[in-house]
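A.B. asks: Sharing a structure below in structure tokens format, with a few things to ask.
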Ligand SMILES: Cc1cc2nc3c(=O)[nH]c(=O)nc-3n(C[C@H](O)[C@H](O)[C@H](O)COP(=O)(O)OP(=O)(O)OC[C@H]3O[C@@H](n4cnc5c(N)ncnc54)[C@H](O)[C@@H]3O)c2cc1C
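Here it is, written out as structure tokens:
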């Protein structure tokens, strides 16, 4: 694994991989990944340091893909922009959040793409900007999930103004809600399935295989209660998929398996 220190270093590494037919994977903060017990196939490029710009220019906010969501949100609050405070609990890089179109549950219809104007990418040959309408944002979906050749370098937002006080309070409210409903007592990768049947997921609460199990507190979450193996988590996911199939319900994994 490498950790490029700048955007140009990141691009050089990707070019090197492409020229030498070395398969590579981009790692954000790893918060949506289930990584095999046998390790990862290919070269991993960790994007935690390369793209850290964060500034306002001509009323647009530019944020590099390595910036953590919490840093972006605090910056927005301090500069009196609407800050997408509902994403404060998401332990993601902005790049990972854009790829995943991170947001709140379906019923709230709030996602990071709401105020995106354009996304800056490296497409394997050159740096270019993709306007929002071409990013094909959907529920936990984007063109960047389909097209792995597009590496997100940064994103431009057009955010409405909002007083600092409203931002601070919204962030506090969000974290209060998270403490009440989200299982903080275990390592996890957030929601397992982006589409799933509520009743089936409720039924699975507390079901364990090895040291992994569906959270008793938060439906649709899998907890690592110690040294859980990825293969046990894969089995738990399969159990749910089988139940959905058996009961003719649709299911789609949100977590990505490497
Ligand atoms: C406690 C917890 C709470 C969570 N809450 C939420 C929530 O409320 N809402 C929500 O939507 N999700 C939530 N998640 C899931 C997760 O945080 C999001 O999916 C997040 O967007 C992943 O970002 P990441 O930086 O960790 O990306 P990673 O998990 O590292 O990567 C995810 C995917 O993005 C790709 N990728 C990462 N960076 C780039 C880049 N710069 N260019 C191209 N591809 C890239 C990776 O290759 C991978 O395919 C939660 C997870 C946890 C653990």
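In the numbering used here, the protein residues as written are 223 to 480.
Glycine included, C-beta positions come from ideal geometry on N, C-alpha and C.
Name the DSSP bridge partner or partners of residue 434?
C.D. replies: According to DSSP, which records beta bridges pairwise, residue 434 is partnered with 431, 446.
A.B. asks: Closest by CA to residue 356, which one among 335, 346, 232?
C.D. replies: Per the Cα distances, 335.
A.B. asks: Residue 324: beta carbon under 6 Å from a heavy atom of ligand 1?
C.D. replies: Residue 324 Cβ: within cutoff of ligand 1.
A.B. asks: Going by beta-carbon coordinates alone, are residue 443 and residue 262 separated by less than 7 Å?
C.D. replies: No, these two residues do not count as a Cβ contact at 7 Å.
A.B. asks: Run the proximity test for residue 250: is its beta-carbon closer than 6 Å to any non-hydrogen atom belonging to ligand 1?
C.D. replies: For ligand 1, at least one heavy atom lies less than 6 Å from the Cβ of residue 250.
A.B. asks: Find out if the Cβ-Cβ distance for the pair residue 455, residue 475 is shorter than 7 Å.
C.D. replies: Not a contact, by the Cβ cut-off of 7 Å.
A.B. asks: Under a Cβ-count criterion, where at least 16 other Cβ atoms within 10 Å of its own Cβ denotes burial, should residue 244 be classed as buried or exposed?
C.D. replies: With fewer than 16 Cβ atoms within 10 Å of its Cβ, residue 244 is classed as exposed.
A.B. asks: Check the DSSP bridge columns for residue 491 and list the partner residues they point to.
C.D. replies: Lying outside 223 to 480, the shown extent of the chain, residue 491 is not represented and no answer is given.
A.B. asks: Based on Cα-Cα distance, which residue from 371, 328, 342 lies nearest to residue 420?
C.D. replies: Of 371, 328, 342, the residue nearest in Cα terms is 328.
A.B. asks: Pair every Cβ in the region 389–403 with every Cβ in the region 308–323, then say whether three or more of these pairs are closer than 8 Å.
C.D. replies: Flag = yes, the region 389–403 and the region 308–323 touch.
A.B. asks: Mapping the DSSP letters down to three states, classify residue 224 as helix, strand or coil.
C.D. replies: Note: residue 224 maps to strand in three-state DSSP.
A.B. asks: Got a sec? Which residues, its chain only, sit under 7 Å from residue 406 by beta carbon, not counting five neighbours each side?
C.D. replies: Cβ neighbours of residue 406 beyond the five flanking positions: none.
A.B. asks: Have a look at residue 372 and residue 291 and give me their C-alpha separation to the nearest angstrom.
C.D. replies: Cα to Cα, the separation comes out at about 20 Å.
A.B. asks: Flag residue 479 as yes when its Cβ comes closer than 6 Å to any non-hydrogen atom of ligand 1, and as no otherwise.
C.D. replies: Not under cutoff, so the answer is no.
A.B. asks: Could you check what DSSP says for residue 250 in three-state terms: helix, strand or coil?
C.D. replies: Residue 250: coil per DSSP, three-state reduction.
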